[in-house]
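Engineer: A single structure is presented below for examination.
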Amino acid sequence: MATLERAREAKAALRDELAGLDGVTGVGIARAHTAGAPQRGDRPQRTVDDWLLRVNVTSDDVEVPDTVDGVDVEVRVVGDITASRV
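Just so we're aligned, residue 0 is where the sequence shown starts under numbering that gives the first Met the number 0, counting upward by one.
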């Protein structure tokens, strides 16, 4: 289980590690589990303090570590990112 603060520290380390690596389009933080996450309405709200790092990549060929400083890393293949015309 990783706290938000620990995930933030690990994110900084991972960003440094992946800097300049082709195929990485983003590095972020996300809740590790959606069960128990705060919800709107009449339902009781419980705080879940379990976070992970999420890395967006263009293909599954991009090498990304499974964990950073004890924080799990989730990899999402999003494909190439291109600008769109409006």
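Beta carbons: idealized from backbone N, C-alpha and C, even for Gly.
#1: Between which two residues does the alpha helix (DSSP H) containing residue 5 stretch?
#2: Which class does residue 84 belong to by DSSP, given the choice of helix, strand or coil?
#3: Counting only the same chain and skipping the five closest in sequence on each side, list residues whose C-beta sits under 7 Å from that of residue 23.
#4: To the nearest angstrom, how far is it from the Cα of residue 74 to the Cα of residue 1?
#5: Does residue 37 come out as helix, strand or coil in the three-state DSSP assignment?
#6: Buried or exposed: which applies to residue 85, given that a residue is buried once 16 or more other Cβ atoms fall within 10 Å of its Cβ?
#7: Looking at C-alpha atoms only, which residue of 21, 8, 19, 20 is the closest neighbour of residue 27?
Structural biologist: Reading off the structure:
#1: 3-17
#2: The answer is coil: DSSP assigns residue 84 none of H, G, I, E or B.
#3: 17, 54, 56, 61
#4: 17 Å
#5: Below a pLDDT of 50, predicted positions are generally treated as unreliable, and residue 37, at 49, falls in that range; no measurement from the model is reported.
#6: Residue 85 sits exposed, since fewer than 16 C-beta atoms from the chains shown fall within 10 Å of its C-beta.
#7: 8
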